[in-house]
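Count along the sequence shown starting at 1, add 680, and that's the number in the working numbering. Notes to accompany the following structure.
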Amino acid sequence: MMKAFSRGRLGTWLARAGVGIGLVSLAAACGDNQDPAGAEALWNALQGSDYRGWERAPGYDARTPSNAPHGGEVDIYINDTLAVALAANEPLDAWPNGSLIVKDGFDDGDLDLVAVMEKRLTGWYWAEYGDDGEALYSGTPDLCVDCHRSGADFVRAFGFP
Ligand code: HEC
Numbered sequence: 681m682m683k684a685f686s687r688g689r690l691g692t693w694l695a696r697a698g699v700g701i702g703l704v705s706l707a708a709a710c711g712d713n714q715d716p717a718g719a720e721a722l723w724n725a726l727q728g729s730d731y732r733g734w735e736r737a738p739g740y741d742a743r744t745p746s747n748a749p750h751g752g753e754v755d756i757y758i759n760d761t762l763a764v765a766l767a768a769n770e771p772l773d774a775w776p777n778g779s780l781i782v783k784d785g786f787d788d789g790d791l792d793l794v795a796v797m798e799k800r801l802t803g804w805y806w807a808e809y810g811d812d813g814e815a816l817y818s819g820t821p822d823l824c825v826d827c828h829r830s831g832a833d834f835v836r837a838f839g840f841p
């Protein structure tokens, strides 16, 4: 009964949205895990890194309310490579290779998402995980890239020195 109802509702919604847009939205709802093995390796590396002991991003000295789609409140941590580049206070137009930013997103005080950006020789690598470490997004998902394009070398939370 319930199932038929939701199928019917989705069908109506797809028809209204047009099949093309409908399929894109469905794909987004299921995430975009382009690189499952790489995402798992990055998650494991992060768990071994004690990233919650890293420096916090400028302007994010404590848990901060957020309007971004990564939870109602966020903690943002930056690794040494990025912290050193910020502290040097020299003009930059890109963040150094090896920069790593980890954002814990919370809803009602509970960890909901972990979003990660790592600057590699090939550019930013993106990943987002559920609180259990399951990768929802990885690689270079359009969703992440498009919204972060307006940032300082794709970083939205803080700018260049
Ligand atoms: C609709 C816009 C939007 C989308 C989509 C989005 N982000 Fe963000 N993201 C933001 C904003 C705005 C911030 C700034 C911090 C805040 O307010 O939470 C941010 C911050 C971050 C940060 C902290 C570093 C920084 O850039 O500020 C990471 C890491 C991050 N996002 C990862 C991701 C990943 C991975 C995806 C794709 C799964 C993604 N984001 C999709 C808007 C977006």
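For glycine and all other residues, C-beta sits at the position ideal for the given N, C-alpha and C. In this text the structure is predicted, and so the values were computed from the model without any measurement.
Option in the options with minimal Cα separation from residue i
| i | options | result |
| --- | --- | --- |
| Asp790 | Glu798, Pro776, Asp811 | Asp811 |
| Leu793 | Gly752, Asp712, Ala742 | Gly752 |
| Asp773 | Ala832, Gly803, Glu808, Glu720 | Ala832 |
| Tyr740 | Tyr731, Ile756, Gly728 | Ile756 |
| Arg836 | Trp723, Ser746, Ser729 | Ser746 |
| Gln727 | Cys827, Tyr809, Phe786, Ser830 | Tyr809 |
Rounded straight-line distance, which links the Cα of residue j to that of residue i
| i | j | result |
| --- | --- | --- |
| Val796 | Glu814 | 13 Å |
| Val754 | Thr761 | 21 Å |
| Val704 | Ala742 | Unreliable placement is indicated for Val704, whose pLDDT of 44 sits below 50; the coordinate value is still reported in the next sentence. Spanning the two alpha carbons is a distance of roughly 36 Å. |
| Asp712 | Asn759 | 25 Å |
| Ala807 | Ala768 | 28 Å |
Under 7 Å between C-beta atoms of residue i and residue j
| i | j | result |
| --- | --- | --- |
| Leu766 | Pro841 | yes |
| Gln714 | Gly819 | yes |
Paired residues, beta bridge with residue i - DSSP
| i | result |
| --- | --- |
| Trp804 | Lys799 |
| Gly745 | A small correction: the amino acid at residue 745 is Pro; Gly does not occupy that position in the sequence shown. The partner list for Pro745 (beta bridge, DSSP) reads Glu753. |
| Ser818 | Asn713, Ala807 |
| Val825 | In DSSP, Val825 forms no bridge with anything. |
Contact set for residue i: own chain, Cβ-Cβ below 6 Å, skip 5 residues either direction
| i | result |
| --- | --- |
| Lys799 | Trp775, Asn777, Ser779 |
| Tyr805 | Glu798 |
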